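Report on the following structure.
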Amino acid sequence: MVIIKLFFWISSFLIFYSLVGYPISLLILSKIITKRKDNSDISLRPYVSIIVPAHNEENIIEQKLNNLISLNYPKELMEIIIASDNSTDRTNEIVEKFIENHREYNISLYKVNRRLGKTNAQNEAAKVAKGEILVFTDANAMLDKDAIIHLVSSFTSEDIIYVTGRLKYINSFSSLSSEAESRYWDYELFMRKVESDIKTITAGNGAIYAIRKSDYVDFPPIMSHDSAMPLYAALNNKRAVYNEKAVAYEKAGETSQDEFKRKVRMFRNILSALFGTPQKYNIFKYGWFSYFYFCHRTLRYGLFILHIISFTSNALLIKESIFYSLMFLMQCIFYLLAICKKIFGFKNRIFYYPYYYCMTLVAQLIGAINQITGKSKPFWDKAESTR
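Each residue of the sequence shown is one higher than the last, beginning at 7 in this note's numbering.
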């Protein structure tokens, strides 16, 4: 029973540390470690290429283009590239008509003939982009007027090769699904801010980020820049930073089905994140980044494994003492609340928050299974409720 107890206590501690301990440690670090000086320069005006990957976005692409041409950035220092990932609806037609009606702007349509997903579309568009800075944004993410100014303002040092902005949801409380996702992002962005202030972030946001073209990496289509680029930066003694003033607005998924599909897609490469590039854990070489990555990414991505171990070992220990019996009862109640929400559709936070959390765990498990069985895809169907 000693081994089983070890499994229970270690897995339970790692779950707790991932969700509670690590944020508390960052809060403490933010008070005792001197922040890096903010050297951002809002007077910087490099030539930028704004790349928007799009697949069948006929309902939103014109709004996106109008958003981009309204940005507070010199149009002579900006080009817009719509990378259409083999769209089969009216996306290409709408973009071409918009270009014809707005010839004073440097807008182009890049047609990707074979659908291989967002990263591949970005890779192809990056090859024809002329900008010193490549700005990437999703079709459904509307940028704040000064978003580009703030993104490029962070490129004041050669060691900064990636800058991500802040995503805000415009429908934070329109449904329990969007509310849960919004609260999660508030929690996530706090950690990202402290990591950036101390050293470097462990992941960005696909809705709004920028990369120096000279440092751009053609990652395989199954990967995403918002997770791969910060890791690449750290392993090459570079930095990926977070600029909270560069803001993008987006709708969170308003149905749990949309959020679940998005999370499964997000975890499509989960095993590579867990077990790939083991050198990232060399704290003697990479310092704070190794600690950040292990706590923020490895433990987070491994939660589904930790919960399986915790629950199974706890079940085997219920006869050992009243403590283990109570712990098992608490776990069962938590999972039962999530199951009740799934079966009966209860619209109450007491049921929905456990459901949201368990939905993430199941998405991680499915992502791992898909990667093992070769079912992970570099492309996906968009969540309609986010448009």
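Just so it is clear, CB atoms sit at the ideal spot from N, CA and C, and this is done for glycine as well. Computed from a prediction, not measured in an experiment: that's the story for all the values here.
N-terminal and C-terminal residue of the beta strand (DSSP E) that I217 is part of: Residue mapping note: residue 217 aligns to position 211 of the sequence shown, counting from 1. Element bounds for I217: 214–218.
Beta bridge counterpart(s) of T170 as assigned by DSSP: Taking the first residue of the sequence shown as position 1, residue 170 is located at position 164. Answer is Y215, Y248.
Identity of the residue in S114, F281, I88, L343 nearest S146 by Cα: Counting from 1 along the sequence shown, the entry for residue 146 is found at position 140. Correcting the residue identity first, residue 146 is Asn in this sequence and not Ser. Per the Cα distances, I88.
Where K381 falls, given that 16 or more other Cβ within 10 Å makes a residue buried: By one-based count along the sequence shown, residue 381 stands at place 375. Exposed.
Three-state secondary structure (DSSP) of L473: The question about residue 473 has no answer here: the residues shown for the chain are numbered 7 through 393.
Integer-rounded CB distance, given that K347 should sit under 8 Å from F357: By one-based count along the sequence shown, residue 357 stands at place 351. By one-based count along the sequence shown, residue 347 stands at place 341. Right, the Cβ-Cβ distance comes to about 4 Å (below 8 Å), so this counts as a contact.
Residues of its chain near N320, where Cβ-Cβ distance is below 7 Å and the 5 sequence neighbours each way are ignored: For the purposes of this step, residue 320 is taken as residue 314 along the sequence shown, with counting starting at 1. Excluding positions up to five away in sequence, the list reads F14, Y330, M333, F334, Q337.
Any 3 or more C-beta pairs closer than 8 Å across the segment 214–227 and the segment 162–177: yes
Nearest-angstrom beta carbon gap, E201 and F290 [assumed within contact, 8 Å]: On the sequence shown, position 284 is the one that residue 290 refers to. On the sequence shown, position 195 is the one that residue 201 refers to. Not confirmed; about 19 Å, so no contact.
Y193 burial status per 10 Å Cβ neighbour count (16 or more: buried): Counting from one through the sequence shown, the residue named residue 193 turns up at place 187. Result: exposed.
Inter-residue Cα distance where the pair is K205 and K136: Along the sequence shown, one-based indexing puts residue 205 at 199. Along the sequence shown, one-based indexing puts residue 136 at 130. The straight-line gap from Cα to Cα measures roughly 30 Å.
Per DSSP, the bridge partner or partners of E85: To locate residue 85, count along the sequence shown from 1; it is residue 79. Answer is S55.
Which listed residue (I328, E326, S327, M365) has its alpha carbon closest to that of I345: The residue you call residue 345 lines up with position 339 of the sequence shown. The shortest Cα separation from I345 among I328, E326, S327, M365 belongs to M365.
Straight-line Cα distance separating M84 from E110: Here residue 110 is taken as the residue at index 104 of the sequence shown, counted from 1. Here residue 84 is taken as the residue at index 78 of the sequence shown, counted from 1. Cα to Cα, E110 sits roughly 12 Å from M84.
Counterpart residues of D91 in DSSP-defined beta bridges: What you label residue 91 is simply residue 85 of the sequence shown in a count that begins at 1. Answer is V118.
Inter-residue spacing [alpha-carbon to alpha-carbon] between A127 and V118: Sequence index remark: in the sequence shown, residue 127 carries index 121 (1-based). Sequence index remark: in the sequence shown, residue 118 carries index 112 (1-based). In a straight line, the C-alpha of A127 is about 6 Å away from that of V118.
Nearest neighbour of M197, chosen from Y363, L33, K11 [CA to CA]: What you label residue 197 is simply residue 191 of the sequence shown in a count that begins at 1. Of the listed residues, the one whose Cα sits closest to M197 is L33.
According to DSSP, residues forming a beta bridge with I5: The structure shown does not extend to residue 5, since the chain is modelled only from 7 to 393, so the question has no answer here.
Nearest-angstrom Cβ-Cβ length linking I67 and I100, presumed shorter than 8 Å: Along the sequence shown, read from residue 1 onward, the residue named residue 67 stands at position 61. Along the sequence shown, read from residue 1 onward, the residue named residue 100 stands at position 94. Yes, they are in contact, since the Cβ atoms of I67 and I100 sit about 5 Å apart, within 8 Å.
Nearest residue (CA-CA) to W294, options L342, L241, E256: Locating residue 294 in the sequence shown gives position 288, where the first residue counts as 1. Nearest C-alpha to W294: L241.
Pick from S230, T94, K70, Y287 that is closest to K151, judged by C-alpha positions: As a position in the sequence shown, residue 151 is number 145, starting the count at 1. Nearest C-alpha to K151: K70.
Three-pair Cβ contact test at 8 Å for the segment 304–319 versus the segment 370–381: yes
Nonlocal neighbours in the same chain, by C-beta distance under 6 Å from M148, ignoring five residues either side: Taking the first residue of the sequence shown as position 1, residue 148 is located at position 142. Taken in chain order, the residues that qualify are N73, Y255.
CB-CB length for P236 against A246, believed under 8 Å: Taking the first residue of the sequence shown as 1, we reach residue 236 at position 230. Taking the first residue of the sequence shown as 1, we reach residue 246 at position 240. Right, the Cβ-Cβ distance comes to about 4 Å (below 8 Å), so this counts as a contact.
Test: F295 CB closer than 7 Å to a CB of chain B: Protein chain content of the structure displayed is limited to a single chain, and chain B is not contained in it.
Runs of alpha helix (DSSP H) lying entirely within the segment 267–330, each at least 4 residues, in chain order: 276–281, 289–292, 294–299, 309–322
Boundaries (first-last residue) of the alpha helix (DSSP H) holding T162: Here residue 162 refers to the residue found at position 156 of the sequence shown. Neither: T162 is in no alpha helix (DSSP H) and is coded neither H nor E.
7 Å Cβ cutoff met for P52 and I139: Within the sequence shown, residue 52 is the residue found at index 46, counting from 1. Within the sequence shown, residue 139 is the residue found at index 133, counting from 1. Contact flag set, yes.
T40: first and last residue of the uninterrupted beta strand (DSSP E) it sits in: Here the question's residue 40 lines up with position 34 in the sequence shown. Run containing T40: none; DSSP gives neither H nor E here.
Boundaries (first-last residue) of the beta strand (DSSP E) holding V141: Here the question's residue 141 lines up with position 135 in the sequence shown. First-last of the beta strand (DSSP E) with V141: 139–143.
Between the CA atoms of K11 and N45 - distance to the nearest angstrom: For the purposes of this step, residue 45 is taken as the residue at position 39 of the sequence shown. For the purposes of this step, residue 11 is taken as the residue at position 5 of the sequence shown. If I take the Cα positions, the gap works out to 50 Å.
Residue environment, K244, which counts as buried when at least 16 other CB atoms sit within 10 Å: For this step, residue 244 is matched to residue 238 along the sequence shown. Classification for K244: buried.
Cα-Cα separation, Y238 to I86: Stepping through the sequence shown from its first residue, residue 238 is reached at position 232. Stepping through the sequence shown from its first residue, residue 86 is reached at position 80. In a straight line, the C-alpha of Y238 is about 26 Å away from that of I86.
Inter-residue spacing [alpha-carbon to alpha-carbon] between A131 and R355: Taking the first residue of the sequence shown as position 1, residue 131 is located at position 125. Taking the first residue of the sequence shown as position 1, residue 355 is located at position 349. Their backbone Cα atoms lie some 43 Å apart in a straight line.
Pairwise C-alpha distance: D95 and A234: For the purposes of this step, residue 234 is taken as the residue at position 228 of the sequence shown. For the purposes of this step, residue 95 is taken as the residue at position 89 of the sequence shown. Cα-Cα distance, rounded: 30 Å.
Alpha helix (DSSP H) runs contained entirely in the segment 174–209, provided each spans 4 or more residues: 182–204
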